[in-house]
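The structure under discussion appears below in the form of structure tokens.
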Amino acid sequence: MRFLLQRTAFYLFTAWAAITLNFFIPRLVPGDPVQSLISRNQGRISADAIESLRVLFGLDANENVWEQYLHYWGQLLHGDLGLSFTFFPAPVSTVIGDSLPWTVGLVGITTIISFLLGTALGVGAGWRRGSWVDGLLPATTFLSSIPYFWLGLVAIALFAGPGSFFPSSGGYEPGLVPAFDQYFIPSAIQHSILPAATILVSSMSGWILSMRNMMVTVSSEDYITVAHAKGLSERRVALSYAARNALLPNVSGFALSLGFIVGGTLLVEIVFSYPGLGYQLFQAVGAKDYPLMQGIFLIITISVLVANLLADVAYLLLDPRTRKS
Amino acid sequence: MTISPSSIEQVIPGQGAMAQPSAAPGRAKRRQFRFIANAKAATGLVILGIYCLFAVIGPWVAPYNPDARSGDVLQAPSLRHWFGTTHLGQDIFSQILVGARSVMVVGLVAGVLATVLSILIGVTAGYIGGAADEGLSALSNVFLVIPALPLIIIVTSIVEQASDTLVALIIGCTSWAWGARVLRAQTLSLRRRDYVEAARATGERTWRIILFEILPNLTAIIASGFVGTVIFAVMSEITLAFIGISSISSWNWGTILFWAQGQQALAQGAWWWFVPAGLAIALLGTALALINFGIDEFVSPRLRSAGRTRIRTADGRTVRMRVGFTPVLAPTPSVPTPRAATTREDVVR
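Here the protein sequences line up with chains Z and U, keeping their order.
In terms of my numbering, the first sequence has 265 at position 265, counting the first letter as 1, and numbering is strictly consecutive.
Offset between the second sequence (1-based) and my numbering: plus 1000.
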């Protein structure tokens, strides 16, 4: 319990750091982005919206930085992330709310599958060290060195195209309305297979390798020798003795590298024009839509923190030693 | 301290005394090149060397000016244009050669910066301990958990047309955390070793202990952290160029992919436009990863892929060698084979 409280405190601190970072970044933007937006949309912006954008960019000359900071927090706690420039009168929170489920569905599920599958394969590769499996390791290195987005491009070139089962872009059939019904769900799944496979292929090999190395290290421990000497079956020694212990560092490694993985997988969305946060971020960058960019960064960071907390809970369940103290 | 002959004799029977007279220079030489003797590391280093060579001479040996347009629009690879041409008739082979420099420079600069930061923060936190350690590890954990790539994208997008140097600085400043964490953990374990205690007891200054006692023992970790950061920096730079954030006037492989994507190279079937750049990135990444494996296996020999682990025993069964296990090769222990007898005799003698 103490462990969990400590971790939670740390994540709250990180969230605070990310929000503060988010507060300062727009203050580096040269010029007055709000003014240019106002002049572009003459008379269509309400006074409230202008006020909220000015707070976001720190353009209110009457406040000092500290007051601006408090004001920013107040706005944030009301869920107000400002207005999106590209999707003009829509607030950033609505735009993000629309795309978040897509990212959680694609990136979240694929990352977990990739971890589980990679770990399982790593157990096999580590236990059978010195067999033909070792010959495959360089191939997995090559796969993990390929940028996600390039693999996506190749996948589109090879598998998608006119008349193919796999669509090359989008999250669902254009004519459908997002809903949980028999038309939309299959279409969404069909659109997600290719991006998911891309992420899986290039992210899995890292887990295979780290799990293999942990298995190799663990399998020379004395308790493994004892388990063998007791005459336990090979399978039992491999899974309940070696893999059980080799798993722990891999789980904590998973928690720590979530930030890296999520950053990389968001790019796959860009290539497939998948309507998630990554694609939204790409569009926001292209249109210099600063409020949307910051909102997305904030949401990604907070999602990663929540995922980290969940990984910590999983670690707690797996490692009895953390529960004892 | 002249106990070496006897101790070698104990470890490797029958070798110590014979090898003694001329052993010193030969052994030293072998130790020097032991890292390169690892096949993975050697392959990685050779490929990396070729990339570095192209980074230096690329712009001079490129057959065309990468910006020059020509009449050969969207041509498949041929003898005149090895990797084909773009929609403006630019030679893609030249673009890749010229782009190598930017990729390598950003990778190295960001790698060096991140490594220096990680040494400063990680080793200080590990060695000094206490409140400074708490603060510095919290800082590095925060940087570790915050998704680096979105942060890099946002910071870079604020700067108009960021140059290579700036991109390298931004990447270096955001990607040091992993190295710092690993270094801190290792420093913590080194700090209480006897030789460090001895140095402290003889009155060596703190900076001297850190620089001369602890840092040399962190070399492998620092090197692998550096290689890892270079991989990450190269990927990030290419990603930034691919999204179109960093300057698109200078060439790197991401820029090529940016134009290929923007001009619908896929829909036009122009595979040669994006395949070479992607393979170049993947090969560089593989080379760096292989060097990292080499370092890992150098430090912890257990990770090496063992050669042949299936061995035929005398009675025709096969036994799989396993770490920590000694397969019994002889069918029955009561009838020692001649081979076993001689070795035992050797040991006794």
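Glycine residues also receive a C-beta, built at the ideal position from the N, C-alpha and C atoms.
No experiment lies behind these values; they were computed from the predicted model shown.
Reduced DSSP category for residue i - H, G, I as helix; E, B as strand; rest coil
| i | result |
| --- | --- |
| residue 1266/U | coil |
| residue 1150/U | helix |
| residue 225/Z | helix |
| residue 1091/U | strand |
| residue 1085/U | strand |
| residue 320/Z | helix |
| residue 1141/U | helix |
| residue 1075/U | coil |
| residue 113/Z | helix |
| residue 123/Z | helix |
| residue 201/Z | helix |
| residue 268/Z | helix |
| residue 232/Z | coil |
| residue 1251/U | coil |
| residue 243/Z | helix |
| residue 294/Z | helix |
| residue 148/Z | helix |
| residue 1056/U | helix |
| residue 1038/U | coil |
| residue 1/Z | coil |
| residue 16/Z | helix |
| residue 167/Z | coil |
| residue 274/Z | coil |
| residue 128/Z | coil |
| residue 26/Z | helix |
| residue 1204/U | coil |
| residue 1114/U | helix |
| residue 51/Z | helix |
| residue 219/Z | coil |
| residue 212/Z | helix |
| residue 1134/U | helix |
| residue 327/Z | Residue 327/Z is absent from the structure shown; chain Z starts at 1 and stops at 325. |
| residue 312/Z | helix |
| residue 98/Z | helix |
| residue 183/Z | coil |
| residue 194/Z | helix |
| residue 1159/U | coil |
Sheet register partners of residue i (DSSP bridge)
| i | result |
| --- | --- |
| residue 83/Z | 91/Z |
Delimiting residues of the alpha helix (DSSP H) encompassing residue i
| i | result |
| --- | --- |
| residue 73/Z | 65–77 |
| residue 1224/U | 1219–1243 |
| residue 1296/U | 1271–1299 |
| residue 1355/U | With chain U represented from 1001 up to 1349, any question about residue 1355/U goes unanswered, as that position is not in the structure. |
| residue 1191/U | 1177–1191 |
| residue 132/Z | Neither: residue 132/Z is in no alpha helix (DSSP H) and is coded neither H nor E. |
| residue 1167/U | 1164–1174 |
| residue 1064/U | From DSSP, residue 1064/U is part of no alpha helix (DSSP H); its letter is neither H nor E. |
| residue 283/Z | 277–286 |
| residue 1209/U | Careful: residue 1209/U lies outside any alpha helix (DSSP H) and carries neither H nor E. |
Nearest-angstrom Cβ-Cβ length linking residue i and residue j, presumed shorter than 8 Å
| i | j | result |
| --- | --- | --- |
| residue 14/Z | residue 1142/U | 5 Å |
| residue 276/Z | residue 158/Z | At roughly 23 Å, the Cβ-Cβ gap does not stay under 8 Å, so residue 276/Z and residue 158/Z are not in contact. |
| residue 1147/U | residue 300/Z | 5 Å |
| residue 287/Z | residue 123/Z | Not really, about 46 Å apart at Cβ, beyond 8 Å. |
| residue 205/Z | residue 151/Z | Actually they are not in contact, since the Cβ atoms of residue 205/Z and residue 151/Z sit about 12 Å apart, beyond 8 Å. |
| residue 1158/U | residue 96/Z | The pair is not a contact, with the Cβ atoms about 20 Å apart (cut-off 8 Å). |
| residue 1285/U | residue 99/Z | At roughly 29 Å, the Cβ-Cβ gap does not stay under 8 Å, so residue 1285/U and residue 99/Z are not in contact. |
| residue 1153/U | residue 1257/U | Not confirmed; about 16 Å, so no contact. |
| residue 304/Z | residue 262/Z | 6 Å |
Closer than 7 Å: residue i CB and nearest the ligand MN heavy atom
| i | result |
| --- | --- |
| residue 1072/U | Absence of the ligand MN from the depicted structure is noted, as is the absence of any ligand whatsoever, leaving it without description. |
Touching or not, the region 1251–1259 of chain U and the region 110–129 of chain Z, by the rule of three or more beta carbon pairs under 8 Å? no
Is it the case that the region 1134–1154 of chain U contacts the region 1091–1107 of chain U, given that we only count it when at least three CB pairs across the two stretches are under 8 Å? no
Contact between the region 1220–1234 of chain U and the region 1163–1179 of chain U: three or more CB pairs below 8 Å? Cβ pair count under 8 Å is three or more, so yes.
Cβ pair count under 8 Å reaching 3, the region 1190–1197 of chain U against the region 1258–1278 of chain U: Touching, no.
Below 8 Å, how does it come out for the region 202–210 of chain Z and the region 141–154 of chain Z: are there three or more Cβ pairs, yes or no? yes
Count the CB pairs spanning the region 295–311 of chain Z and the region 181–198 of chain Z that are closer than 8 Å, and state whether there are at least three. When C-beta atoms of the region 295–311 of chain Z are compared with those of the region 181–198 of chain Z, fewer than three pairs fall below 8 Å, so the two segments do not count as touching.
Does the pairing of the region 1122–1134 of chain U with the region 1184–1193 of chain U give three or more beta-carbon distances under 8 Å? Using a Cβ-Cβ distance cut-off of 8 Å, the region 1122–1134 of chain U and the region 1184–1193 of chain U are in contact, since at least three pairs of beta carbons, one from each stretch, lie closer than that value.
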